[in-house]
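All remarks here apply to the structure that follows.
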Amino acid sequence: MSSTTRLSHSLINPMSRSLVYSCSVNKHLTSPKHPSNCTCCASFASNAKVHTNADKDLSVFLDKEIGLEQNMMKAPQGALRIPGFDVSEDGSNLTLHRKFQDEEITVRLNVNASVEPDEMQGQFDETNPDANSIGEMKSMPDFSIEVTKPNGKTLVMNCSFYRGPPEDIEDAEGQQQQDKGDAFQIENFFLMNKGEKLSDKNLRDNIYMGDGEIIDGQMYDLLMNYLDERGIGNEFAENVTAYCTHYEHKQYINLLSNLKSFISE
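Position one of the sequence shown corresponds to residue 1 (full-length UniProt numbering), numbered consecutively onward.
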């Protein structure tokens, strides 16, 4: 995932992921005096049914943007997968599944609005804010974990990735070190009986949830250990982030391509 193209989108101009590229190569596209007889528009007009200058400008820009995003996409190293889990893709939704002894483990997540800089990779200096930098743009969506017993009862935990820079801690020798800790946290948890579905609005409105922020610290740690034994720990979180980052980028490029086709109709 390109940090340059994502940075321009999130920090410079919310209208484009590649503003830097656009300004340097296609200055005439952003100019209010864009000539109607330019060669790019002439070429576009001969191949598409477009009736307004805005249509032409947007379609030409999308051609450039799609090419840039495709060039910037990082090829996954080896097969893109999440070890230990079967992955099902459905639009912006991903469903992960595995068996653990006699339990069914299901993880559900959605990559929409999930991309942000990885502050764990950034540089932070409280004494010199101008020297700070953000990390690579990554997809870190919230996710739910369902552990279903053979009798149909299900424990559900809603989780989110930790955001923000790592905290500094002192080691045994008094040296400052960064504590990465857990990659994600439990926001809340609850139980469902056999036949109950999260899609049921009445269930969502009436079910009681335990708050991960206020439960006993030892209980919280034991719940995290419970998940870790079922293959949901820091390594899992890293694999999910890598998978979602690549998958979200593909979805974004597909959206641009579909928008280009729509504008050109």
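Ideal placement from N, C-alpha and C gives every residue a C-beta, glycine not left out.
Distance check for residue j and residue i, CA to CA, integer angstroms please.
| i | j | result |
| --- | --- | --- |
| residue 241 | residue 183 | 10 Å |
| residue 70 | residue 253 | 7 Å |
| residue 104 | residue 198 | 16 Å |
| residue 22 | residue 56 | Note that residue 22 scores a pLDDT of 41, beneath 50, so its modelled location is shaky; the value from the coordinates is reported in the next line. Spanning the two alpha carbons is a distance of roughly 16 Å. |
| residue 163 | residue 235 | 17 Å |
| residue 53 | residue 263 | 12 Å |
| residue 63 | residue 260 | 8 Å |
| residue 59 | residue 93 | 28 Å |
| residue 85 | residue 157 | 18 Å |
| residue 181 | residue 115 | 21 Å |
| residue 220 | residue 207 | 20 Å |
| residue 90 | residue 213 | 32 Å |
| residue 200 | residue 61 | 43 Å |
| residue 218 | residue 228 | 15 Å |
| residue 109 | residue 141 | 6 Å |
| residue 215 | residue 265 | 56 Å |
| residue 87 | residue 205 | 29 Å |
Quick one: what's got a C-beta closer than 6 Å to residue i's C-beta in the same chain, skipping five residues either side?
| i | result |
| --- | --- |
| residue 102 | 150 |
| residue 107 | 96, 143 and 145 |
| residue 2 | For residue 2, the predicted structure reports a pLDDT of 43, less than 50, and the residue's modelled location is therefore unreliable. The matter cannot be settled from this model. |
| residue 148 | 104 and 154 |
| residue 237 | 183 and 184 |
| residue 233 | none |
Looking at the C-beta of residue i, does it have a partner C-beta in chain B at a distance below 8 Å?
| i | result |
| --- | --- |
| residue 240 | This model lacks chain B altogether, as it is built from one protein chain only. |
I think residue i touches residue j, with their Cβ atoms under 8 Å apart; what is that distance to the nearest whole Å?
| i | j | result |
| --- | --- | --- |
| residue 66 | residue 256 | 5 Å |
| residue 139 | residue 245 | 4 Å |
| residue 243 | residue 80 | 6 Å |
Going by CA-CA distance only, name the one from the options that's closest to residue i.
| i | options | result |
| --- | --- | --- |
| residue 266 | 247, 153 and 53 | Because the chain here runs from 1 to 265, residue 266 falls outside it and cannot be looked at. |
| residue 211 | 263, 147 and 185 | 185 |
| residue 187 | 181, 209 and 201 | 209 |
| residue 74 | 205, 94 and 250 | 250 |
| residue 99 | 153, 243, 231 and 237 | 231 |
| residue 152 | 61, 181 and 196 | 196 |
Considering only residues of the same chain and omitting the five flanking positions on each side of residue i, which have a CB-CB separation below 7 Å?
| i | result |
| --- | --- |
| residue 239 | 82 and 83 |
| residue 258 | none |
Inset, instruction - Take every Cβ of the stretch 223–243, pair it with every Cβ of the stretch 190–197, and state whether three or more of those distances are shorter than 8 Å. - result: no
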